[in-house]
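2 protein chains.
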Amino acid sequence: MHIRKLRLLTPGPTPLYPPAVRAMAGADIHHRTEDFRELYKQVLADLQYFMGTSNDVMLFTSSGTGAMESAVSNLFSPGDKVVVAVAGKFGERWEQITRAFGLDVQVLEAPYGESVTPERVAEALAAAPGIQGVFVQATESSTGVSHDVKSMAKAVGKTDAIFVVDAITGLGTSQLDIDGWGLDVVIGGSQKAAMIPPGLAFLSLSAKAWARIEPRRPTYYYFDLLKHKKGGEKGESPWTPATSLILGLAESMKYVRELGRDNLIENAQLLAKATREAAVALDLELFAKGIPAGAVTSIRAPEGVSSNDIVKQYKTRFGAIIANGQGSMKGEIFRFAHLGYFDFADLFGVIAELEIILRSLGRKVEFGSGVSKVQEVYAEASKL
Amino acid sequence: MHIRKLRLLTPGPTPLYPPAVRAMAGADIHHRTEDFRELYKQVLADLQYFMGTSNDVMLFTSSGTGAMESAVSNLFSPGDKVVVAVAGKFGERWEQITRAFGLDVQVLEAPYGESVTPERVAEALAAAPGIQGVFVQATESSTGVSHDVKSMAKAVGKTDAIFVVDAITGLGTSQLDIDGWGLDVVIGGSQKAAMIPPGLAFLSLSAKAWARIEPRRPTYYYFDLLKHKKGGEKGESPWTPATSLILGLAESMKYVRELGRDNLIENAQLLAKATREAAVALDLELFAKGIPAGAVTSIRAPEGVSSNDIVKQYKTRFGAIIANGQGSMKGEIFRFAHLGYFDFADLFGVIAELEIILRSLGRKVEFGSGVSKVQEVYAEASKL
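Residue numbers (the working numbering), protein chains in the order written: chain U, 33 to 416; chain L, 33 to 416.
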């Protein structure tokens, strides 16, 4: 047995930014002190930069699902007509949350691997007047597909509906012009391109969304958006926040500012492009039929091979945790993540390992044929 | 200027158990792996030990307020008649949450520093049949007072009402026989006697409480108790959990098992007793008129002195963060915490510092007169 370093290479939790991890240990800080108030305000401003918006940003101690719920519970009432675009497991989560809160839900479904087109959203809005909200994923990380939220926003913007975008894996991996396109609610999570462990979620709200906040609905308290907005202005979270994670987030956001938001996004996009080219060179089928995501690339296991075996060999041979398909896609596809703290060195390794694993599973593979594609994308981007 | 070590001595966040902080750095773990499932199951079992119950325990990524909300949103419907005992800021939080979810709330109020008696709870239950729930704090940490939850449970147990106990600062600081007394819902948080940073909350549910879980109410999704129970049985959190904090919790819970739950509680009780005796020796007035809490001791600032100045001097002279009063009690009282990772060495320092601070504020103080009381409590407990 040789050394196998543990490498977490999944689309969330993602690899951690080491200085952020070290900062988390400094959690002997009290959340009602001036020091912490300054830190908290800084982090909220950093998140605006990270998201590229001047809208208010609110931060919760929860996973991303909590912030998704806050959009539903704070802005909609039981019986409100809403449209939900479902193209994978996270679209299904929107459907579950909106139904759990008693909304009148119309689902626009796309098969796994495809995306819901903006035309279908526009048609649904035209066909049924009085629609109060449209829910979508910027990136459906369960399948590796992106939605054309820019065009969707154009359609939604003509109506009174609120456009709610789960960008938990879309932020930092794809260009989202929140203010310019009119994305009313945009949701993110800490364990994605923000490079720290799970436990924090955040979202931005447009003026159009804020106008919906009254009357107060009897469906929320912990995820009260207005309380979080007012608290945030004073550098306070209404409830005790996850101080250790906020210390980590402050550190990773410093790095994002240093790197630049556009470079962070380009980093993911380049790695995704290189992965797709390597997969094609290795005679593998890309699972995403729509716009491929920058966050994650889904690849179909070759005929006669289960993706379970590919995922397992990554772990046993190389200590790497990569993602299998979720739900009914388990065994069918495997997924490489690019969101956040991933680099070309990671990808050279991942593709070299894939070549070995495929050969071990009986496929004919020329060693280096996938890796060289990644190298070419690197060379082109670096003008070599 | 001399060295002043930073010491966080507040009733939450509390001092961190160092091996737990180190464990938090190992967060490159994925929450859908066998390793994590084992860890998660272990932590749920550890929490049962910590709480001293065989009831199901559910764990949320949130502050304690999230778990408080889950009890309201999962078990009650708008219009349900409930009784809320309010003896401080956290009782007021129960009132706010129950009202936010549209319950029909009857408040039993006690002035700050006093507790709501079990007799008043029994009378309220007798006077208005059909009461569905009773909400209380085991320890009201804003004032340092405990409630007699044992006697309250006896009264509530004779009715159909669910008894919901916020024991966020009561767990690990006072004896609570959850199963024996019939405490239907008991709530805890990570940043208290569990010795890790904020971000995790947990609660136990009795069979009587589970019977209320159906029909499903359109007021929750993230804090779905049944989903968390079913997930927990398989070692999974329904949503991505705060992995770094769970790694820390596993470590601090190992220490709690090593120490023993009863010794952990006795530790807080002894420190609280010693603090009270020192305060009296220093001619200070204890704020708690009811049963004093083991979690925290509240002391009234002497006449002509603001507690703001006492709190400030702790920081500027000694680097120690101690708690002021909250809300209208700010400036009037100051609070010493004992919950979790506090020891006699901490308290010797805290009281010696208090003596110096009081003298600097113009009080006549004999140095050592408070510290010697702490030493005597130590000596007695150690049979010296």
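Every residue, glycine too, gets a C-beta built ideally from N, C-alpha and C.
- Name the two residues that bound the continuous alpha helix (DSSP H) containing THR307 (chain L). Here residue 307 (chain L) is taken as the residue at index 275 of the second sequence, counted from 1. Element bounds for THR307 (chain L): 293 to 313.
Next item on the list: For the stretch 228 to 299 of chain L, list the alpha helix (DSSP H) runs that are entirely contained and at least 4 residues long, ordered along the chain.
Entry: 239 to 242, 257 to 265 and 275 to 291
Within 9 Å (strictly less), CB to CB, does HIS62 (chain L) reach chain U? Position 30 of the second sequence, counting from 1, holds the residue named residue 62 (chain L). Yes, HIS62 (chain L) counts as interfacial toward chain U.
For PRO324 (chain U), which beta-bridge partners are listed by DSSP? In the first sequence, residue 324 (chain U) corresponds to position 292, counting from 1. According to DSSP, PRO324 (chain U) bridges with U:VAL177.
Could you tell me if THR348 (chain L) is buried or exposed, where buried requires 16 or more neighbouring beta carbons within 10 angstroms of its beta carbon? Indexing the second sequence from 1 puts residue 348 (chain L) at position 316. Exposed is the call here.
For GLU398 (chain L), does the three-state DSSP call read helix, strand or coil? Along the second sequence, one-based indexing puts residue 398 (chain L) at 366. Residue state, collapsed to three classes: coil.
Here's the rule: buried if 16 or more other CB atoms are within 10 angstroms of the residue's CB, otherwise exposed. What is ASN87 (chain L)? Residue numbering aside, residue 87 (chain L) sits at position 55 when the second sequence is read from its first letter. By the 10 Å Cβ count, ASN87 (chain L) comes out buried.
Where TRP271 (chain L) meets chain U, residues with beta-carbon distance less than 7 Å: Translated into the one-based positions of the second sequence, residue 271 (chain L) becomes position 239. Those within 7 Å of TRP271 (chain L) in chain U are SER95 and THR97.
Can you tell which of U:LEU291, U:ALA225 and U:ARG391 has its C-alpha closest to the C-alpha of LEU41 (chain U)? For the purposes of this step, residue 41 (chain U) is taken as the residue at position 9 of the first sequence. Measuring from the Cα of LEU41 (chain U), the nearest candidate turns out to be U:ALA225.
Count the other CB atoms within 10 Å of the CB of ILE289 (chain U); is the residue buried (16 or more) or exposed (fewer)? The residue you call residue 289 (chain U) lines up with position 257 of the first sequence. Residue identity differs from the one stated: residue 289 (chain U) is Arg in this sequence, not Ile. Flag for ARG289 (chain U) reads exposed.
* Contacts of GLU398 (chain U) in chain L (Cβ-Cβ under 9 Å) -> Counting from one through the first sequence, the residue named residue 398 (chain U) turns up at place 366. Under the 9 Å cutoff, chain L gives no residues; its nearest Cβ is about 32 Å from GLU398 (chain U).
(request) Given a cut-off of 9 Å, decide if ALA185 (chain U) and SER178 (chain U) are closer than it, judged by their beta-carbon atoms. (result) Along the first sequence, read from residue 1 onward, the residue named residue 178 (chain U) stands at position 146. Along the first sequence, read from residue 1 onward, the residue named residue 185 (chain U) stands at position 153. No.
* Asked: Mind checking ILE365 (chain U): buried by the 16 CB within 10 Å criterion, or exposed?
  -> Counting from one through the first sequence, the residue named residue 365 (chain U) turns up at place 333. So ILE365 (chain U) ends up on the buried side.
- Closest by C-alpha distance to ARG78 (chain L), when choosing among L:GLN207, L:LEU291, L:GLU335 and L:ASP315: Your numbering for residue 78 (chain L) matches position 46 in the second sequence. For the record, residue 78 (chain L) in the displayed sequence is Asp; it is not Arg. For ASP78 (chain L), the nearest C-alpha among the options comes from L:LEU291.
### Query
Where does LEU157 (chain L) sit, in a helix, a strand or coil, going by DSSP?
Here residue 157 (chain L) refers to the residue found at position 125 when the second sequence is read from its first residue. If DSSP states are grouped into helix, strand and coil, LEU157 (chain L) belongs with the helices.
Review point. Which partner residues does SER86 (chain L) have in the DSSP bridge list?
Key: If you number the second sequence from 1, residue 86 (chain L) lands on position 54. Looking at the DSSP assignment, SER86 (chain L) forms no beta bridge with any residue, so it has no partner.
Output, in chain order, the set of chain U residues within a Cβ distance shorter than 7 Å of GLN223 (chain L).
By 1-based counting over the second sequence, the position of residue 223 (chain L) is 191. Chain U residues near GLN223 (chain L): THR272.
For ALA300 (chain L), which residues of its own chain have a beta-carbon under 6 Å away from its beta-carbon, when the five flanking residues on both sides are left out?
Within the second sequence, the letter at position 268 stands for residue 300 (chain L). THR205, GLY326, HIS370 and LEU371, listed in sequence order.
- Query: If you count every other CB in all the chains shown that lies within 10 Å of the CB of ALA274 (chain L), and 16 or more means buried, which is it?
  - Reply: Translated into the one-based positions of the second sequence, residue 274 (chain L) becomes position 242. Classification for ALA274 (chain L): buried.
Starting from ARG125 (chain L) and walking both ways along the beta strand (DSSP E), at which residues does that stretch end? As a working mapping, residue 125 (chain L) is identified with position 93 in the second sequence. First-last for ARG125 (chain L): 121 to 132, but that is the alpha helix (DSSP H), not the beta strand (DSSP E).
Cβ-based neighbour list, ASP211 (chain U), same chain, cut-off 7 Å, excluding 5 preceding and 5 following:
As a working mapping, residue 211 (chain U) is identified with position 179 in the first sequence. If we look at ASP211 (chain U) and ignore the five residues flanking it on each side, its Cβ neighbours are THR85, SER86 and ASN87.
At the level of alpha carbons, what is the spacing between ILE389 (chain L) and ASN340 (chain L)? As a working note, residue 389 (chain L) is residue 357 in the second sequence. As a working note, residue 340 (chain L) is residue 308 in the second sequence. Straight-line Cα distance between these residues: approximately 12 Å.
State buried or exposed for LEU38 (chain L), treating a residue as buried only when at least 16 other CB atoms are found within 10 Å of its CB.
Translated into positions along the second sequence, residue 38 (chain L) becomes position 6. By the 10 Å Cβ count, LEU38 (chain L) comes out exposed.
In three-state terms, what does DSSP make of ASP136 (chain U)?
Locating residue 136 (chain U) in the first sequence gives position 104, where the first residue counts as 1. It is a strand residue.
Which residue's Cα is closest to the Cα of ARG69 (chain U): U:ALA411, U:GLY264 and U:LEU258?
Residue mapping note: residue 69 (chain U) aligns to position 37 of the first sequence, counting from 1. Nearest C-alpha to ARG69 (chain U): U:GLY264.
query = Residues in its own chain within less than 6 Å of LEU307 (chain L) by CB, not counting five upstream and five downstream?
reply = As a first step, residue 307 (chain L) must be located in the second sequence, where it is residue number 275. Here residue 307 (chain L) turns out to be Thr, not Leu, going by the sequence shown. Around THR307 (chain L): THR329 and PHE368.
Margin query: Please state the DSSP three-state secondary structure of ALA355 (chain U).
Written below: Taking the first residue of the first sequence as 1, we reach residue 355 (chain U) at position 323. ALA355 (chain U): strand per DSSP, three-state reduction.
Short Cβ contact (9 Å threshold) for LEU279 (chain L) with ALA117 (chain L): For the purposes of this step, residue 279 (chain L) is identified with residue 247 of the second sequence, where counting begins at 1. For the purposes of this step, residue 117 (chain L) is identified with residue 85 of the second sequence, where counting begins at 1. Cβ distance not < 9 Å, so LEU279 (chain L) and ALA117 (chain L) don't count as in contact.
Problem - Pairwise C-alpha distance: ILE297 (chain U) and LYS362 (chain L) - result: Residue mapping note: residue 362 (chain L) aligns to position 330 of the second sequence, counting from 1. Residue mapping note: residue 297 (chain U) aligns to position 265 of the first sequence, counting from 1. Cα-Cα distance, rounded: 47 Å.
Original post:
Is the Cβ of VAL114 (chain U) closer than 9 Å to any Cβ of chain B?
Top reply: The structure shown contains no chain B; the protein chains it does contain are U and L.
Discussion item. Taking the beta carbon of LYS396 (chain L) as the centre, do at least 16 other beta carbons fall within 10 Å, making it buried, or is it exposed?
Written reply: Residue mapping note: residue 396 (chain L) aligns to position 364 of the second sequence, counting from 1. LYS396 (chain L) is exposed by the Cβ-count criterion.
What is the residue span of the alpha helix (DSSP H) that LYS113 (chain U) lies within? For the purposes of this step, residue 113 (chain U) is identified with residue 81 of the first sequence, where counting begins at 1. No alpha helix (DSSP H) holds LYS113 (chain U); the beta strand (DSSP E) holding it covers 113 to 118.
Leaving out five residues on either side along the sequence, give the residues of the same chain with a beta carbon under 6 Å from the beta carbon of TYR373 (chain L). Reading the second sequence from its first residue, position 341 is the one you call residue 373 (chain L). Excluding residues within five positions, the ones whose Cβ falls inside 6 Å are PRO47, TYR49 and MET227.
> The beta strand (DSSP E) spanning GLN169 (chain U) covers which residue range?
Replying inline: To locate residue 169 (chain U), count along the first sequence from 1; it is residue 137. First-last of the beta strand (DSSP E) with GLN169 (chain U): 165 to 169.
Out of L:GLY162, L:TYR144 and L:GLN138, which one is the CA nearest neighbour of ARG152 (chain L)?
Numbered from 1 along the second sequence, position 120 holds the residue referred to as residue 152 (chain L). With distances taken between Cα atoms, ARG152 (chain L) lies closest to L:GLN138.
State whether the stretch 252 to 264 of chain U contacts the stretch 92 to 102 of chain L, with contact taken as three or more CB pairs (one from each stretch) at a distance under 8 Å. yes
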